[in-house]
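Everything below concerns the one structure shown next.
Protein chains: 2
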Amino acid sequence: MTYCVGLLLNEGMVLLSDTRTNAGLDNISTYRKMFTFEEPGERVICIMTAGSLSVTQTTIARLREAMEDPDADGETSIMKAPTILKVAEIVGNMLAEVRTEIGEKMSAQKQSASATMIVAGQRKGGAMRLFLIYPEGNFIEATEDTPFLQIGEHKYGKPILDRVVRPDTSILDAQKAVLLSMDSTLRSNLSVGMPLDMAVIARDACQVTMRRRIEAGDEQFRAMSEAWSRALRDGFTQISL
Amino acid sequence: MTYCVGLLLNEGMVLLSDTRTNAGLDNISTYRKMFTFEEPGERVICIMTAGSLSVTQTTIARLREAMEDPDADGETSIMKAPTILKVAEIVGNMLAEVRTEIGEKMSAQKQSASATMIVAGQRKGGAMRLFLIYPEGNFIEATEDTPFLQIGEHKYGKPILDRVVRPDTSILDAQKAVLLSMDSTLRSNLSVGMPLDMAVIARDACQVTMRRRIEAGDEQFRAMSEAWSRALRDGFTQISL
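Taken in order, these protein sequences are the chains called A and D.
Under the working numbering, the first residue of the first sequence is numbered 301, with each subsequent residue one higher.
Under the working numbering, the first residue of the second sequence is numbered 301, with each subsequent residue one higher.
So this is what it looks like as structure tokens:
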């Protein structure tokens with residue numbers, strides 16, 4: 301399983317992913333699920349992935365190949381696409397293509413492989429955009445009403461986002477919110493695990509303005525998690541029935 | 301969908317269920333999912349249900365028929381069963397039988413019908429026991445380490461239970477905990493809905509000691525829900541990253 305979350309705020313975008321993958325409970329590994337592509341000041345794209353590792357790795361690998369191909373144009377390379385909407389289309393089409401290919405191989409074994417992705421990006425002069433790409437390649441976009449998108453194990457971490465995230469939430473509060481959302485998920489689903497990858501893309505910077513890997517045992521994350529537990533217990537105690 | 305939760309505490313058992321059923325999003329109804337059976341002072345049994353309404357209704361109806369059958373014995377009537385463990389077995393067997401019957405009818409349409417139940421009970425001189433019955437009829441029991449069981453949409457409401465419910469939690473705090481757990485679920489899943497049914501079975505009372513239906517618009521529930529939102533937001537504000 302996986303948990304990735306992206307926030308689209310007035311001040312910028314905040315992205316967080318875990319790194320745990322598993323093929324059964326007895327085969328657990330650590331893989332990066334957050335991939336950033338930058339031409340600083342011109343274009344920034346961040347992709348987060350959930351689902352079958354063979355599908356997500358192949359999709360990212362082919363997107364990279366297309367980027368490195370000197371003949372690629374705005375129809376195939378996400379670094380040349382004229383808009384971030386077009387980037388979402390390219391990623392969606394590639395994801396659907398890879399999924400179909402791998403799905404055909406797996407259907408013989410009556411198994412299936414699927415994946416979803418979050419694509420965040422901005423190009424110079426354009427708007428910040430945040431998309432959730434479905435396994436079939438179609439997508440939805442974060443809006444003012446719903447300024448966050450989640451993939452993977454989204455349920456445990458959703459209540460905190462529902463309650464505190466608004467478009468005018470500050471980048472600092474947004475980092476707290478996604479980390480607490482991840483904390484609730486880590487507590488309840490063993491197949492989501494540390495370390496974590498966090499990225500901040502400030503509005504109009506067109507580059508990743510903060511990047512942080514949070515390792516298991518990170519002192520700051522542990523302190524925040526404990527403070528949140530205390531706050532919840534204190535709040536609970538004070539409420540009268 | 302459905303959300304039902306049962307707590308097994310030193311002071312007694314606390315049970316809460318919603319009442320929403322749906323066949324698609326365009327066909328929503330209200331059905332009681334909590335059923336109590338009592339011989340006050342001698343035996344109390346509370347069953348909560350989740351899953352296919354045709355399976356749960358038929359199962360409860362047949363359990364009632366067996367109870368009313370003058371020839372029924374401790375092998376078939378939950379009101380005559382010698383132990384609450386035996387009650388869980390009778391409920392489990394009936395659920396599995398009904399599920400198989402209905403499943404056969406539905407398999408022709410390539411559909412399936414399934415259900416899970418929570419059974420709470422105590423008989424005079426026996427221990428309080430709380431079981432989760434799986435669709436196949438087998439079951440697990442709440443213990444000191446895990447003093448709560450959930451069926452239906454369990455994820456949104458689990459973090460609060462994980463953090464505050466212990467065997468020595470008071471009945472009053474337990475009622476708060478299950479209502480806040482339900483509140484988080486109601487906010488996130490439209491297919492869980494008011495009114496709610498709550499029951500308390502105090503230890504050794506062998507009867508339902510408190511029963512409450514909480515209607516949509518209940519003032520006390522609304523106030524508690526808002527106080528919890530405030531507590532979460534305040535707690536969030538005070539935590540430093």
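From the three backbone atoms N, C-alpha and C, an ideal C-beta is built for every residue, glycine too.
{"Query": "Quick one, are the C-beta atoms of A/Gln559 and A/Val355 less than 7 Å apart?", "Result": "A query on residue 559 of chain A cannot be resolved here, the shown segment of chain A reaching from 301 to 541 and no further."}
{"Query": "Output the boundary residues of the beta strand (DSSP E) element that contains D/Gln422.", "Result": "Ala415 to Arg423"}
{"Query": "What separation, rounded to the nearest whole angstrom, lies between the Cα atoms of A/Ser407 and D/Gly392?", "Result": "35 Å"}
{"Query": "In whole angstroms, what separates the C-alpha of D/Ala415 from that of A/Arg423?", "Result": "50 Å"}
{"Query": "Keeping to the same chain, check which residues put their C-beta closer than 8 Å to that of D/Pro467; ignore five residues upstream and five downstream.", "Result": "Leu308, Leu309, Asn310, Glu444 and Pro447"}
{"Query": "I want to know whether the segment 455-464 of chain A touches the segment 478-487 of chain A - three or more CB-CB distances under 8 Å.", "Result": "yes"}
{"Query": "Per DSSP, which one or two residues make a beta bridge with A/Gln450?", "Result": "A/Val305"}
{"Query": "Return the chain-ordered list of same chain residues with a C-beta closer than 7 Å to the C-beta of D/Ala366, the five sequence neighbours on each side being excluded.", "Result": "Ala372, Thr376 and Ser377"}
{"Query": "Mind pulling the alpha helix (DSSP H) runs of 4 or more residues that sit fully within the segment 362-409 of chain D?", "Result": "384-407"}
{"Query": "DSSP on D/Asp497, reduced to helix/strand/coil?", "Result": "strand"}
{"Query": "Going by DSSP, what residues sit across from D/Ala502 in a beta bridge?", "Result": "D/Gly312"}
{"Query": "Cβ of A/Phe521 less than 7 Å from any chain D Cβ?", "Result": "no"}
{"Query": "Determine the chain D residues that contact A/Phe536 at a beta-carbon separation under 9 Å, and present them in chain order.", "Result": "Ile460, Arg463, Val464, Asp473, Lys476, Ala477, Leu480, Trp528 and Ala531"}
{"Query": "Taking buried to mean at least 16 other C-beta atoms within 10 Å of its own C-beta, is A/Gln409 buried or exposed?", "Result": "exposed"}
{"Query": "DSSP has D/Gly517 in a bridge; who is on the other side?", "Result": "DSSP output for D/Gly517 lists no bridge partner at all."}
{"Query": "Report yes if the CB atom of D/Leu541 is closer than 7 Å to the CB atom of D/Ile514, and no otherwise.", "Result": "no"}
{"Query": "When burial is assigned at 16 or more other CB atoms within 10 Å of the CB, is A/Thr358 buried or exposed?", "Result": "buried"}
{"Query": "Among A/Val492, A/Met417, A/Arg364 and A/Val478, which has the Cα closest to the Cα of A/Gly597?", "Result": "Residue 597 of chain A is absent from the model: chain A starts at 301 and stops at 541."}
{"Query": "Whose C-beta lies closer than 7 Å to the C-beta of A/Ile384 among residues of the same chain, with five residues either side of it excluded?", "Result": "Gly421, Gln422, Arg423, Gly426 and Arg429"}
{"Query": "Is D/Leu532 helix, strand or coil by DSSP?", "Result": "helix"}
{"Query": "Going by DSSP in three states, A/Ile539 sits in which element: helix, strand or coil?", "Result": "coil"}
{"Query": "For the beta strand (DSSP E) that A/Arg429 lies in, which residues bound it at each end?", "Result": "Arg429 to Ile433"}
{"Query": "For the segment 523-537 of chain A and the segment 524-541 of chain D, state whether three or more C-beta atom pairs, one from each stretch, are separated by less than 8 Å.", "Result": "yes"}
{"Query": "Just to make sure I have the definition right: I need the residues of chain A whose C-beta is within less than 8 Å of the C-beta of D/Met524. Which are they?", "Result": "Ile539, Ser540 and Leu541"}
{"Query": "Give the straight-line distance between the Cα atoms of A/Leu479 and A/Lys455, rounded to the nearest whole angstrom.", "Result": "15 Å"}
{"Query": "For a test of your reading of the model: does the CB of D/Ile539 fall under 6 Å from any non-hydrogen atom of the ligand ATP? Yes or no.", "Result": "The model on display carries no ligand, and the ligand ATP is accordingly not part of it."}
{"Query": "Run through DSSP, which three-state label would D/Ala350 get?", "Result": "strand"}
{"Query": "Can we say the segment 320-335 of chain D touches the segment 514-526 of chain D, given the rule of at least three CB pairs closer than 8 Å?", "Result": "no"}
{"Query": "Cβ atoms of A/Val419 and A/Ile347: under 7 Å apart, would you say?", "Result": "yes"}
{"Query": "Does the beta-carbon distance from A/Met494 to A/Ala516 come in below 7 Å?", "Result": "yes"}
{"Query": "For A/Glu441, which beta-bridge partners are listed by DSSP?", "Result": "A/Phe431"}
{"Query": "Can you tell me whether DSSP reads D/Arg332 as helix, strand or coil?", "Result": "coil"}
{"Query": "Hey, does D/Lys455 have any beta-carbon neighbour from chain A nearer than 7 Å?", "Result": "yes"}
{"Query": "Going by DSSP in three states, D/Val355 sits in which element: helix, strand or coil?", "Result": "helix"}
{"Query": "Quick one: what's A/Asn322 bridged to in DSSP?", "Result": "A/Ile328"}
{"Query": "For A/Ser352, would you say it is in contact with chain D, using Cβ-to-Cβ distances shorter than 7 Å as the test?", "Result": "no"}
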